[in-house]
Amino acid sequence: MSISTSIWVWMAALLTLMVYSFLYKDNPFYRLAEHIFMGLSLGYTLTILWYNYIIPRVYEPLFLPPHQWSLIFPILLGMMTFGIFSKKYSWLIKYPLAFYVGGYAGLRIPLLLQSWIIRQVEASFLTPDKFTSLMSSINAILIFAGLFATLIYFYFSKKREHGFGAAAQVGIVFIMVAFGAAFGYTVMARISLLIGRMQFLLHDWLGIM
Amino acid sequence: MGFWQRFLQLDRKWIFIGIAIVVIIPLIKPLGLPIKPTKPVIDLFTYIDTLGPESDPVMVVTGFDPSTMPELMPMEQALLRHCLTKGIPVISFGGLYPAYIGMAKMAIDEVSADFPDKKYGEDYVFLGFIPGVSAVILSIGIDIATTFGNDYYGTPIDSLPMLRGVKNYSDISLVVDVSGSSTPEYWLMYAQERYGVNIGVACTAVSAPAFYAFLQSGQFVGMLGGLKGAAEYEELMARKGYPTGRRPATIGMDSQSLAHLLIILLIILGNAGYFIVRRGERRQGIIRRKK
Chain A
1 MSISTSIWVW
11 MAALLTLMVY
21 SFLYKDNPFY
31 RLAEHIFMGL
41 SLGYTLTILW
51 YNYIIPRVYE
61 PLFLPPHQWS
71 LIFPILLGMM
81 TFGIFSKKYS
91 WLIKYPLAFY
101 VGGYAGLRIP
111 LLLQSWIIRQ
121 VEASFLTPDK
131 FTSLMSSINA
141 ILIFAGLFAT
151 LIYFYFSKKR
161 EHGFGAAAQV
171 GIVFIMVAFG
181 AAFGYTVMAR
191 ISLLIGRMQF
201 LLHDWLGIM
Chain B
210 MGFWQRFLQL
220 DRKWIFIGIA
230 IVVIIPLIKP
240 LGLPIKPTKP
250 VIDLFTYIDT
260 LGPESDPVMV
270 VTGFDPSTMP
280 ELMPMEQALL
290 RHCLTKGIPV
300 ISFGGLYPAY
310 IGMAKMAIDE
320 VSADFPDKKY
330 GEDYVFLGFI
340 PGVSAVILSI
350 GIDIATTFGN
360 DYYGTPIDSL
370 PMLRGVKNYS
380 DISLVVDVSG
390 SSTPEYWLMY
400 AQERYGVNIG
410 VACTAVSAPA
420 FYAFLQSGQF
430 VGMLGGLKGA
440 AEYEELMARK
450 GYPTGRRPAT
460 IGMDSQSLAH
470 LLIILLIILG
480 NAGYFIVRRG
490 ERRQGIIRRK
500 K
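Heads up: the protein sequence lines correspond to chains A and B, in order. Heads up, the first sequence stops at 209 in the numbering used here, and the numbers go up one at a time, no gaps. Heads up, the second sequence stops at 500 in the numbering used here, and the numbers go up one at a time, no gaps.
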């Protein structure tokens, strides 16, 4: 056992314990840690933005030679978003928003359709190359059946009876399996975070591991 | 009050204590449970393992902050270690959001310290944070030097020997997004779909189920999901005889398995208790059966 002598490790360990004290009940130590976290996060983000964005991307190109005067237009457009803080000039935000929404939609919609819809539908087709082995055949049929049944479940313009109702019921089973898998993975993620903190406390702080 | 009624009203603090015990004990006394690599992890490992010093660089993108560090830092370090072991040129990109740059710096500093023969600028480079998210991903597809200008330390991109001849995605063999959010979707849309670059994903367990669809369609080369994915990658590295460092993910997997067993047990007991108590109440006439 070799306890850390680093003040930073001790600070991180004490803050970790202060945050975990919330599991017992809300208390001033937890709230202190929470406020420190909020302040630090904001300060850290602002500092990173200042030194990685404002200085090299705005100040230096504009005020140091060779001056890139063309940057004035996008900077002005961006600054118009601050109009939101004034009732009188709140209309100014419409112009940068129009550029943003128009540009973003134009960029995103075709690529989203291609990567999320067309490529996914293609991948669910029962083509001969999916039947090279028993397992791949089962997988291909399961994916096709799952997609088909789930889509039927979300089709609300027809009464759910006979074969249509049965397919919708199968769709529910696939949806439930997906929810179960998502829940299992979520449990794994939360436990992993606890393991990470415990490794820090036992290894980096207390030196037990 | 019977056992099951008391069990159903168990204070959740006892569950917290139980979880803490099953997590802490295996960390101090490891059980050495086996780790069996799965196909998505093997696929990503194999893809990187086929590359070498003459290959185009691998770009490792840091997409996480301290909140998901326990899951994702072991993945990022294992990926960087693998690339440096094989002599593959590495571009470590500090990420699309400001909070990620500190994690990226920590990962590359710790791993590169274990490879004193590797030189910065020749074997690996570190690019800092650039705001713009989707605009940045698209811009890398046009020109890396114009997008970043300088590396993290302020050195012009053009003067880094490793990046001479690396103009855009066509000169990159793989982009691996180590992500604690939905950024792999952006890389999929703007880098893979638009420019055709190969994408690998290393993500938190919470995100993993959503990305399986893209593995099945072949849009992602491979995937590491959660601490388990990181442990599997470390295991594959060890099997090949590559240096693995401390293997933090593997160390944590015993705790993970025991905690899962406890949670499964609690779910089974909770459900059994619910039905047993309900049956008892029906017998006593407290609840009437639905007609």
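Even for Gly, the Cβ is constructed at its ideal location relative to N, Cα and C.
Inter-residue spacing [alpha-carbon to alpha-carbon] between residue i and residue j
| i | j | result |
| --- | --- | --- |
| aspartate 323/B | glycine 454/B | 8 Å |
| threonine 459/B | asparagine 407/B | 27 Å |
| proline 66/A | glutamate 60/A | 9 Å |
| glycine 395/B | glycine 211/B | Note on identity: in this sequence residue 395/B is tyrosine, with glycine being the wrong assignment. Their backbone Cα atoms lie some 54 Å apart in a straight line. |
| glutamine 120/A | isoleucine 172/A | 20 Å |
| leucine 201/A | glutamine 169/A | 48 Å |
| serine 157/A | isoleucine 195/A | 48 Å |
| phenylalanine 273/B | valine 387/B | 7 Å |
| isoleucine 36/A | phenylalanine 22/A | 15 Å |
| glutamate 263/B | tyrosine 329/B | 17 Å |
| tyrosine 362/B | methionine 446/B | 31 Å |
| phenylalanine 174/A | threonine 294/B | 42 Å |
| leucine 64/A | proline 307/B | 25 Å |
| arginine 492/B | glycine 241/B | 48 Å |
| valine 270/B | isoleucine 477/B | 41 Å |
| leucine 288/B | proline 266/B | 13 Å |
| serine 321/B | cysteine 292/B | 11 Å |
| threonine 132/A | proline 246/B | 23 Å |
| proline 56/A | methionine 38/A | 27 Å |
| glutamate 280/B | isoleucine 93/A | 40 Å |
| proline 457/B | proline 96/A | 46 Å |
| threonine 277/B | arginine 160/A | 43 Å |
| threonine 392/B | tyrosine 155/A | 30 Å |
| leucine 17/A | proline 249/B | 36 Å |
| phenylalanine 210/A | methionine 176/A | Residue coverage of chain A in this structure runs from 1 to 209, which leaves residue 210/A outside it and unanswerable. |
| leucine 14/A | tryptophan 8/A | 10 Å |
| threonine 413/B | alanine 105/A | 28 Å |
| isoleucine 495/B | tryptophan 213/B | 16 Å |
| glycine 434/B | serine 192/A | 12 Å |
| alanine 239/B | histidine 469/B | The sequence given here places proline at residue 239/B; alanine does not occur at that position. When rounded, the distance between both Cα atoms is 16 Å. |
| serine 115/A | tyrosine 399/B | 10 Å |
| valine 385/B | methionine 282/B | 13 Å |
Interface residues of chain B facing residue i [CB-CB closer than 8 Å]
| i | result |
| --- | --- |
| glutamine 199/A | Leu236, Pro279, Pro457, Ile460 and Gly461 |
| leucine 111/A | Met398, Tyr399, Glu402 and Arg403 |
| proline 28/A | Within chain B, no residue comes near proline 28/A; the closest Cβ sits about 19 Å away, beyond 8 Å. |
Residue-level contact to chain A via CB, residue i, 8 Å cutoff
| i | result |
| --- | --- |
| threonine 413/B | yes |
| alanine 287/B | no |
| proline 243/B | no |
| alanine 422/B | yes |
| alanine 316/B | no |
| isoleucine 408/B | no |
| alanine 400/B | no |
| leucine 219/B | no |
| isoleucine 477/B | no |
| alanine 308/B | yes |
| serine 464/B | yes |
Proximal residues of chain A, C-beta to C-beta of residue i below 8 Å
| i | result |
| --- | --- |
| proline 418/B | Ala178, Ala181, Ala182 and Tyr185 |
| isoleucine 233/B | Met198 and Leu202 |
| leucine 397/B | Ser115 |
| serine 343/B | Tyr104, Leu107 and Arg108 |
| lysine 222/B | Leu23 and Tyr24 |
Chain-ordered chain B contacts of residue i [CB-CB under 7 Å]
| i | result |
| --- | --- |
| leucine 64/A | Chain B residues near leucine 64/A: none, gap ~13 Å exceeds 7 Å. |
| leucine 17/A | Chain B residues near leucine 17/A: none, gap ~12 Å exceeds 7 Å. |
| arginine 119/A | Ser426 and Gln428 |
| leucine 134/A | None at all; the shortest Cβ gap to chain B is about 16 Å. |
Residue-chain proximity (residue i, chain B), Cβ-Cβ < 8 Å
| i | result |
| --- | --- |
| threonine 45/A | yes |
| tyrosine 53/A | yes |
| leucine 14/A | no |
| alanine 123/A | yes |
| glutamine 68/A | no |
| leucine 40/A | no |
Per-residue contacts from residue i into chain A (C-beta, under 7 Å)
| i | result |
| --- | --- |
| phenylalanine 225/B | Leu23 |
| glycine 435/B | Tyr185, Met188, Ala189 and Ser192 |
Expected contact under 8 Å - CB spacing of residue i and residue j to nearest Å
| i | j | result |
| --- | --- | --- |
| tyrosine 20/A | lysine 222/B | Not a contact, Cβ separation roughly 12 Å. |
| proline 418/B | tyrosine 185/A | 5 Å |
| glutamate 319/B | methionine 371/B | Contact flag wrong, Cβ pair sits at about 20 Å. |
| glycine 227/B | leucine 471/B | 6 Å |
| isoleucine 366/B | phenylalanine 357/B | 6 Å |
Where residue i meets chain A, residues with beta-carbon distance less than 9 Å
| i | result |
| --- | --- |
| phenylalanine 338/B | Ile48, Leu49, Asn52 and Tyr53 |
| isoleucine 472/B | Val187 and Ile191 |
C-beta neighbour in chain D for residue i, strict 8 Å
| i | result |
| --- | --- |
| glycine 374/B | Any reference to chain D falls outside this structure, whose protein chains are A and B. |
Cβ-heavy atom distance, residue i to the ligand ZN, below 7 Å
| i | result |
| --- | --- |
| glycine 184/A | Among the ligands in the structure shown, none appear at all, so the ligand ZN cannot be discussed. |
message: Could you check whether the stretch 223–239 of chain B touches the stretch 247–258 of chain B, counting it as contact only if at least three pairs of C-beta atoms, one from each stretch, sit closer than 8 Å?
response: no
query: Is the stretch 126–139 of chain A touching the stretch 158–169 of chain A in the sense that three or more CB pairs, one from each, lie closer than 8 Å?
result: no
- request: Report yes or no: do three or more beta-carbon pairs, one from the stretch 308–316 of chain B and one from the stretch 329–344 of chain B, lie closer than 8 Å?
  value: yes
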